[in-house]
Every structure is written in structure tokens, then in C-alpha cells.
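Participant:
In our numbering, the protein residues as written are 1461 to 1558.
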């Protein structure tokens, strides 16, 4: 949990993908997030958190549906979206947070 807290408190935008292995829409997000990572490079951090294995973090952020993406900067949530989100929308949110 402390590594997680350090990540979201950083100045670099951190996008978290809350997912589960059994979730079909979550699997759809994998290539989309790869595309986002390619476009953003080192300007942003993208991590995936399995809700089944990380219940404390999921509960902390009130995750009720998956996939859910949350963007943090300097420890504050600056954007949140549930469901399948297109790369263009994610990149726009990341760029606005910079």
C-alpha cells in the first residue's frame, strides 16, 4: 500500500486501471492502455490493480464497476471513468493533467 501511495502522490500523472481477470471489458482495455502508454511514454505512469487481489485499495476508491480508470496527480484524483474508454479520451485526460 505504501508503494501505491507514493505513486499517486507524485507530480507525474498516474493512471490506475482497476480490473479483474474474469472481466471481458477489462480485457478490452489492455490494448487500449498499451496504445496510451506508447503515446505518452515516460510523461505518465500507468498501472493496473486487480480488484480481487487488492480489496483495500478498491474499497478506498469506492470501485463498484470495472474497468474503472482513475487519474491522480499530486495525490489528488483529477479524472475518473468507468467502462471501456477509448485511447483518445484517456490521452486527452492525461495531457490536461500535465
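Each residue gets a CB set at the ideal place from its N, CA and C atoms; glycine is no exception.
Under 8 Å: do the region 1467-1475 and the region 1524-1536 share three or more Cβ pairs, one atom per stretch?
Facilitator: Touching, per the Cβ criterion.
Participant: To the nearest whole angstrom, what separates the beta carbons of residue 1506 and residue 1478, a pair I think is in contact under 8 Å?
Facilitator: About 12 Å separates the two Cβ atoms, so there is no contact after all.
Participant: Less than 8 Å between C-beta atoms, sequence neighbours within five positions excluded: which residues of the same chain meet that for residue 1485?
Facilitator: Closer than 8 Å at the Cβ level, and outside the excluded window around residue 1485, lie 1526, 1527, 1543, 1544.
Participant: Given residue 1499, which residues of its chain have a CB within under 6 Å of its CB, disregarding the five upstream and five downstream residues?
Facilitator: Contacts found: 1551.
Participant: Can you grab the Cα-Cα spacing for the pair residue 1521 / residue 1483, in whole Å?
Facilitator: About 19 Å.
Participant: With DSSP as the reference, label residue 1509 as helix, strand or coil.
Facilitator: In the structure shown, residue 1509 sits in a strand (DSSP, three-state: E or B).
Participant: Taking 8 Å as the cut-off, decide whether the C-beta atoms of residue 1516 and residue 1472 are in contact.
Facilitator: No, Cβ-Cβ distance for residue 1516 and residue 1472 is not below 8 Å.
Participant: Using a Cβ-Cβ cutoff of less than 6 Å, which residues in the same chain neighbour residue 1512 once the five nearest sequence positions on both sides are dropped?
Facilitator: Excluding residues within five positions, the ones whose Cβ falls inside 6 Å are 1480.
Participant: Residues in its own chain within less than 8 Å of residue 1492 by CB, not counting five upstream and five downstream?
Facilitator: Counting only Cβ-Cβ distances below 8 Å, and skipping sequence neighbours, we find 1544, 1545, 1546, 1547, 1550.
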